[in-house]
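Taking my numbering, the leading residue of the sequence shown gets 97, the next gets one more, and so forth.
Cβ coordinates follow ideal geometry from the N, Cα and C atoms, glycine included.
Computed from a predicted structure; not experimentally measured.
Each remark here refers to the structure printed beneath this line.
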Amino acid sequence: GGARGIAQIGVLKVLEEHNIPVDAIVGTSIGSIIGGLYASGYTADEIWQIARRINWSNIIVDQPERTSLFLSQKQWRGKFLVSVRLKNFSPEIPAAVSPGQKLYDVLSKVILKAPFHAKESFNDLKIPFRAVATDLVTGKKVIFQQGDLAESMLASSAIPLLFSPVEKDSSLLVDGGLLDNIPIDETRRLNVDLVIAVNTTSPLRKPDELSVPWKIADQVTTIMQQKQKLAQLQKADIVIKPEFPDNTNIDFHNLEKVYSAGVQAARSNLNLLLRRIEQAKLKMLTNPDRNFNVDSVIVIVKGSVPDSLKPRIVHGSKIWRAIEIYDLLNHYFQCGWWNSIRARLIENSGKHILQFVFSPNPVVQTVNISHGGILPDSLINATLHLKVGLPFNSTLWQRTREQLFRLYRSKGYSLATINNVNLDTLNGIFSFTIHEGKIANIVVTGNTRTRNMTILREFPLKEGDIFNYYFAQRGLRNVYGLGLFNRVQLNYHWHQNQLQLQIKVEEKSPFLLQVGWNYSRERRFKYLLELTDENILGTGSRLSLINIYGKRDQLYQLLWQTDRIFRTYLTSTVDLHFHQANQFIYTKGNILGEYQERRSGVRFSIGQQVQRLGTISAEITIEAISLRHVSGKGYPTSRTHQAKIRLQSIVDSLDKIPFPSRGKYHHFYYEASSEFLGSEVSFFKLYSSMETYFTLEHIFTSHPKIAWGTSDITTPFQEMFHLGGANSFYGWYEREKLGRRFFLASIEGRLLLHRSLPLNIYWGMRYDVGAIWENSLQEINWSDFVQGYGTYLAFDSFAGLISIHYGENTTGRKEYYLTAGFHF
């Protein structure tokens, strides 16, 4: 039922409030997610908080987070309108809108943090659990009762055409609702006495809602489920059906109303449910309504127990019903102190005596805990509820286990388990061992082209380490961030008390054809065509053929990029290129001349990755440069040979491009060209820019920036700094002002006016102040500085960006700017 399934949390909340125990759970689709979390030890309130924190509207967007990418990946991303993967020189059609990686990440996180894990099977969870999926290969129903719980939940909820099928062994698994939307029969197989069906299935969609293929597919499956659904509902003891007519199965807005609908529906059925529970208990007894005439009650406690634990049974009548005796026995047994409790009716001298015999558990004299020492004894002992000198209490032990699990999970040790539980009845020694999750082995599966080393070097946990949730999640982000896989999963299992990790990947075809476009008032139309092999020799290195073609710009480039050399964080780039651009020269806003700049050459760089924040690098560029006359004047014409070295650092923590909402960008370089390197002209350049973004209430973003640069007097014309344009300085054309020294400071405020797929709308204002000097030795005066200010309206969609700017500056210039497409 998609979003409707959130109502199931409300039902569980009501069951908790009235202490109605749940002994088994079977779930389909979102029911497998809610049920799996509850079975793993989360409370209804905790599941509700998890559901509220998830960005459901973004759950099908499977791009890696930008902050998990290396710098070259960040620079490469966001340039293209169309990306097509090629397999055997033909386009590869994706199986669905989303591979389901983001949904898996969400499920994996909460399952790893859950108090209880499935060590051998789903019976090991706090509540035995089953998930229902459909195998597209055989057309049969699949019942998950062991394995990776997050993967099982993903398979059970993989809506066809929206999420890709989950590959497991020889099966292709999708939403279990195709065959069994309300799995009453599967629940009965778990030997339960009473089955509650929470029916949050969706009604048929309205005609105007059948707008995309996966919605049509969902409609077809809903129609096909009707007969099966009705048959299963008739087999349930209680059917709880929340009422929410305004929500379709994927509308995750107004979750509060959906949750409340579940609470209300459960409360409406509460009296009926309590009656059915009472009836189920009566069925367990041979003669539940039989009455016994009792003259006296005797309580016998075998063994030595404190008076505070001895039962005191008082009954206000001589008539005892069988069900009352059963409830009393069950109540005391649930307290946990007793190994066995028996009741029998004895006739003595014409009197009827009801005798209760209580046999306590063995007394605990000592508690011995073995663990690896990753947490101090003081923290571990604080979770113990067992009392030395008292009988062993099974209920308190279960509470201790859960609190121990929660303690270790809270510190990141998600796979800590408790083994070797033993009670030495002779000496009263209760002992157990905490296995903290030491990794015995890590294997990679699913990769055919990518080398194991390429994957394992991104995973911070190694064999012999204690498994840590935070490192594991970072590793999954890193591996998925390589861009080589549709899906990355982390499975684990225990073999002879040894923890085995499996990194399971689903490879993409490495061959990628991408197309982008851009338009600006100054540069006119241009397109970008790129053909890339993303995984050269299985190392994750990229080899790209790049072509940019437009009226004023042309680029032909062969680019080799390696983000990591072997297991190091060294990075390298080799770039062969030919670049041609027509540029205007302006005077007072009028075109004075036009020239053509051509550069052809090679660039080689080597650097050090600074985590995923940026790089420090050194590069050498050797180019033949020509400046050719097109029209007018104001520029030199020349043919030169230039070799230069650059030392630079780039820090990029922006969360997205365009329109970042948080993060920083810092670019610094020192560049030098000399005759020693083979250049015809010697010069140096120094440049630095710093900018940051921070957002308030997800709506208003502030963006301050400062940039400056200087170079020596011999710096050639084609290497000068420039100011002007919508993203540089308001009131001037793009590259209108040229110089050998500059300073720029700006502050931008941006407001998010509209946010929803497929269009975001922004409005912003910016203030600029700066100056540029042709002579870098010229004295700086306040009169050199110019102020600019302007505003813009921007539309951001899958087809690219459209932005309209208007700006003025204190020289009296007024300009408007129009840009569209992608930035490259």
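Problem - Counterpart residues of D748 in DSSP-defined beta bridges - result: DSSP lists Y761 as partners of D748.
Handout entry: Straight-line Cα distance separating V670 from F780
Key = Their backbone Cα atoms lie some 23 Å apart in a straight line.
Problem - Touch test, the stretch 723-736 against the stretch 696-703, Cβ-Cβ under 8 Å, three pairs minimum - result: Cβ pair count under 8 Å is below three, so no.
Handout entry: Every unbroken alpha helix (DSSP H) inside the stretch 377-458 [4 residues or more]
Key = Annotation: the stretch 377-458 contains the following complete segments of the alpha helix (DSSP H) (minimum length 4 residues), in chain order: 418-430.
Practice task
Could I get the ranges of all uninterrupted beta strand (DSSP E) runs contained in the stretch 873-897, with 3 residues as the minimum, in chain order?
Solution key: Correct list: 882-893.
Problem - Member of V335, D276, D289 whose CA lies at the smallest distance from the CA of M320 - result: Distance check between M320 and each of V335, D276, D289 places D276 closest, using alpha-carbon atoms only.
Problem - Residues bridged to K264 (per DSSP) - result: In the DSSP assignment, the residues bridged to K264 are S267.
Handout entry: D473 versus K604 - alpha carbon distance
Key = Cα to Cα, the separation comes out at about 47 Å.
Problem - Burial state of L586 (16 or more Cβ within 10 Å) - result: Buried, by the Cβ-count rule.
Practice task
Run the CB neighbour count on F894, radius 10 Å, all protein chains shown included, and call it buried at 16 or more, exposed below.
Solution key: So F894 counts as exposed.
Exercise for the section: Inspect the beta-carbon positions of V288 and A140 and report whether they are closer than 8 Å. Expected result: The answer is no: Cβ separation not under 8 Å.
Handout entry: Where the beta strand (DSSP E) containing Y789 begins and where it ends
Key = Y789 -> beta strand (DSSP E) spans 779-792.
Handout entry: CB-CB length for A361 against F259, believed under 8 Å
Key = With 8 Å as the limit, A361 and F259 do not qualify as a contact, their Cβ atoms being about 28 Å apart.
Problem - C-beta contact flag for R837 and H799 at 8 Å - result: Against a cut-off of 8 Å, the Cβ pair of H799 and R837 comes out as no contact.
Problem - Given T667 as reference, the closest of L654, G710, G634 once Cα atoms are compared - result: Of the listed residues, the one whose Cα sits closest to T667 is G710.
Practice task
Check whether the Cβ atoms of Q461 and G524 lie closer than 8 Å to each other.
Solution key: Contact flag set, yes.
Exercise for the section: Kindly indicate the opening and closing residues of the alpha helix (DSSP H) around Q569. Expected result: Unbroken alpha helix (DSSP H) run through Q569: 565-577.
Handout entry: Where the alpha helix (DSSP H) through L586 begins and ends
Key = Note, L586: premise wrong, no alpha helix (DSSP H); beta strand (DSSP E) at 581-591.
Exercise for the section: Tell me whether G485 is buried or exposed, calling it buried when 16 or more other Cβ atoms sit within 10 Å of its Cβ. Expected result: Classification for G485: exposed.
Exercise for the section: Look at the alpha carbon of L424 and the alpha carbon of P384, and state the distance between them as a whole number of angstroms. Expected result: If you take the alpha carbons of L424 and P384, they lie about 14 Å apart.
Exercise for the section: Report back the beta-carbon spacing between D659 and Q705 to the nearest angstrom; my notes put them in contact at under 8 Å. Expected result: Correct: roughly 7 Å between the Cβ atoms.
Problem - Inter-residue CB distance, I577 and S164 (contact presumed, cutoff 8 Å) - result: The sequence shown places Gly at residue 577, not Ile. Cβ-Cβ separation between G577 and S164: approximately 4 Å, consistent with a contact (criterion under 8 Å).
Exercise for the section: Compare the C-beta of T806 with all C-beta atoms of chain D and state if any pair is closer than 8 Å. Expected result: Among the chains in the structure shown there is no chain D, since it carries only a single protein chain.
Practice task
State the DSSP-derived secondary structure class of R284, mapped to helix, strand or coil.
Solution key: R284: helix per DSSP, three-state reduction.
Practice task
Go ahead and label I396 buried or exposed: buried means 16 or more other beta carbons lie within 10 angstroms of its beta carbon, across all protein chains shown.
Solution key: Result: exposed.
Exercise for the section: State the CB to CB distance for the pair R617 and L914, rounded to an integer number of angstroms; the pair is presumed to be in contact (CB under 8 Å). Expected result: Between R617 and L914, the beta carbon gap of about 5 Å places them in contact (Cβ cut-off 8 Å).
Handout entry: Contact set for L654: own chain, Cβ-Cβ below 7 Å, skip 5 residues either direction
Key = Result list for L654: L641, L672, in chain order.
Problem - Under the three-state DSSP convention, the category N204 falls into - result: First, the residue type needs correcting, since residue 204 is Ser and not Asn in the sequence shown. In this structure, DSSP gives S204 a helical state, which the three-state scheme calls helix.
Exercise for the section: Just confirm the distance between the C-beta atoms of T529 and C431, as a whole number of angstroms; I'd bet it's less than 8 Å. Expected result: Between C431 and T529 the Cβ distance is about 27 Å, and since that is not below 8 Å, they are no contact.
Exercise for the section: Sort F891, P160, Y829, S128 by Cα distance to I143 and report the nearest one. Expected result: Closest in alpha carbon position to I143, among F891, P160, Y829, S128, is S128.
Exercise for the section: Assuming E216 contacts Q241 (C-beta within less than 8 Å), just tell me the rounded distance between them. Expected result: With 8 Å as the limit, E216 and Q241 do not qualify as a contact, their Cβ atoms being about 10 Å apart.
Problem - Buried versus exposed call for M816 [16 or more other C-beta atoms within 10 Å across all chains shown] - result: Classification of M816: buried, given that the 10 Å Cβ count is 16 or more.
Handout entry: Element boundaries [beta strand (DSSP E), containing I476]
Key = Per DSSP, I476 lies in no beta strand (DSSP E) segment; the continuous alpha helix (DSSP H) that holds it begins and ends at 473-477.
Exercise for the section: Could you work out which residue in P407, K534, R583 is closest to N593 when comparing CA atoms only? Expected result: Ranking the options by Cα distance to N593, first place goes to K534.
Exercise for the section: Spell out a yes or no on whether the stretch 881-899 and the stretch 856-863 are touching, meaning 3 or more CB-CB pairs, one atom from each, closer than 8 Å. Expected result: The stretch 881-899 is in contact with the stretch 856-863.
Handout entry: Short Cβ contact (8 Å threshold) for D314 with I255
Key = Cβ atoms of D314 and I255: closer than 8 Å.
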